[in-house]
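Numbering (the numbering used here), first residue to last: 711 to 973.
Ideal Cβ positions, reconstructed from N, Cα and C, are used throughout, including at glycine.
Below, the structure is given as structure tokens:
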């Protein structure tokens with residue numbers, strides 16, 4: 711289905727609607743707070759940003775969730791409608807910007823408190839989402855891992871790559887950057903996401919690093935008010951140790967590249 715088809719059905723804004731552009735910051739200038747992992751995070755940040763620039767993109771950071779939602783609405787021909795904003799105490803999204811200033815890839819994260827109720831519980835009673843539930847909105851969760859996921863949870867969402875930028879490794883690159891920024895901002899207990907079967911190959915261990923991904927869908931979210939049937943989802947989860955090991959490998963690869971360039 712094309713953007714024109716979606717627009718005819720009323721799912722897209724009119725042609726020429728500008729996407730808001732609130733403040734955005736270069737990820738490469740992000741200062742890591744003092745701590746046991748500050749040097750590692752800085753080295754991994756530099757390596758990932760250098761890789762992005764080599765691909766022709768500049769990673770930027772925004773805390774304007776409304777801009778992400780507007781960008782989503784403008785690209786529904788290649789991007790599923792976002793679920794309601796998570797009930798997070800903090801959030802951000804990253805954009806891969808080309809030389810024209812266009813955002814051609816995104817991933818975002820929100821810090822969700824799952825201390826008193828697990829991630830699975832908060833999905834099931836819809837307290838995971840901010841605001842009032844829409845008429846008929848519901849979420850069925852049968853994931854044992856989701857009900858075992860507690861503490862400070864960085865919920866990873868909004869993974870999208872424009873069709874013109876696909877096949878260049880942008881999706882896993884942004885995924886690692888999102889986990890890096892989430893660690894630097896929050897040091898979460900877990901990084902968690904929900905993945906459809908269509909997108910699951912992009913989250914293979916070879917591409918995404920050390921992660922747990924359910925073999926089959928266990929989460930079904932429905933929101934009739936959106937006018938779109940969301941697919942069943944698998945739970946995706948990254949532990950703290952896995953994130954740090956992946957960033958160590960990214961940092962080491964960056965050091966090797968710089969050493970080869972200087973030789």
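Inter-residue Cα distance where the pair is residue i and residue j
| i | j | result |
| --- | --- | --- |
| residue 964 | residue 948 | 22 angstroms |
| residue 958 | residue 888 | 15 angstroms |
| residue 733 | residue 741 | 17 angstroms |
| residue 878 | residue 765 | 7 angstroms |
| residue 828 | residue 810 | 42 angstroms |
| residue 716 | residue 940 | Any reading at residue 716 is ruled out, since the residue's pLDDT is 37, under 50, leaving its predicted position unreliable. |
| residue 919 | residue 841 | 34 angstroms |
| residue 783 | residue 923 | 28 angstroms |
| residue 786 | residue 749 | 39 angstroms |
| residue 938 | residue 859 | 28 angstroms |
| residue 812 | residue 824 | 35 angstroms |
| residue 743 | residue 895 | 9 angstroms |
| residue 751 | residue 890 | 7 angstroms |
| residue 944 | residue 833 | 13 angstroms |
| residue 906 | residue 739 | 33 angstroms |
| residue 736 | residue 904 | 27 angstroms |
| residue 826 | residue 911 | 33 angstroms |
| residue 962 | residue 867 | 27 angstroms |
| residue 790 | residue 934 | 14 angstroms |
| residue 855 | residue 781 | 32 angstroms |
| residue 801 | residue 908 | 26 angstroms |
Residue i - containing beta strand (DSSP E), residue span
| i | result |
| --- | --- |
| residue 680 | Given that the chain is displayed from residue 711 to residue 973, the structure contains no residue 680 and the question cannot be resolved. |
| residue 854 | No beta strand (DSSP E) holds residue 854; the alpha helix (DSSP H) holding it covers 854 to 858. |
| residue 839 | Residue 839 -> no beta strand (DSSP E), and no H or E assigned at all. |
| residue 810 | It is not in any beta strand (DSSP E) - residue 810 carries neither H nor E in the DSSP assignment. |
| residue 876 | Here residue 876 belongs to no beta strand (DSSP E), and DSSP marks it neither H nor E. |
| residue 848 | 848 to 851 |
Own chain residues within Cβ distance below 8 angstroms of residue i, not counting five before or after
| i | result |
| --- | --- |
| residue 746 | none |
| residue 875 | 767, 806, 808, 814, 815 |
| residue 714 | Annotation note: pLDDT 44 at residue 714 (below 50); position unreliable, coordinate value reported separately. Closer than 8 angstroms at Cβ, skipping near neighbours: no residue. |
| residue 921 | 913, 915, 946, 947, 948, 952 |
| residue 843 | 836 |
| residue 857 | 828, 829, 830, 831, 851 |
| residue 925 | 944 |
| residue 846 | 932, 933, 934, 935 |
Whole-number beta carbon distance between residue j and residue i, since they are thought to touch under 8 angstroms
| i | j | result |
| --- | --- | --- |
| residue 929 | residue 853 | 6 angstroms |
| residue 932 | residue 869 | Between residue 869 and residue 932 the Cβ distance is about 21 angstroms, and since that is not below 8 angstroms, they are no contact. |
| residue 839 | residue 794 | 4 angstroms |
| residue 763 | residue 804 | Not confirmed; about 14 angstroms, so no contact. |
| residue 792 | residue 779 | 6 angstroms |
Cutoff 6 angstroms; reference residue i; Cβ partners in own chain excluding five residues on either side
| i | result |
| --- | --- |
| residue 768 | 807 |
| residue 899 | 861, 862 |
| residue 822 | 796, 798, 863, 865 |
| residue 873 | 788 |
| residue 942 | 927, 930 |
| residue 880 | 806, 815, 871 |
| residue 774 | 732 |
| residue 917 | 882 |
| residue 848 | 932 |
| residue 950 | none |
Residue span of the alpha helix (DSSP H) that contains residue i, given as start and end
| i | result |
| --- | --- |
| residue 823 | That residue, residue 823, is in no alpha helix (DSSP H); its beta strand (DSSP E) goes 813 to 824. |
| residue 866 | Note, residue 866: premise wrong, no alpha helix (DSSP H); beta strand (DSSP E) at 861 to 871. |
| residue 895 | 880 to 896 |
| residue 915 | 915 to 918 |
Beta-carbon contacts of residue i that lie in its chain and below 7 angstroms, excluding the five residues immediately before and after
| i | result |
| --- | --- |
| residue 892 | 819, 864, 898, 901 |
| residue 761 | 883 |
| residue 960 | 754, 757, 758, 886 |
| residue 955 | 920 |
| residue 936 | 791 |
Cβ of residue i within 8 angstroms of any chain B Cβ
| i | result |
| --- | --- |
| residue 917 | Judged by its chain identifiers, the structure shown contains no chain B, having just a single protein chain. |
Contained beta strand (DSSP E) runs [length at least 3] in the segment 921 to 963, N- to C-terminal order: Runs of the beta strand (DSSP E) inside the segment 921 to 963: 929 to 932, 943 to 949.
Please list the segments of the alpha helix (DSSP H) lying wholly inside the segment 752 to 808, counting only runs of 4 or more residues, in order along the chain. 775 to 783
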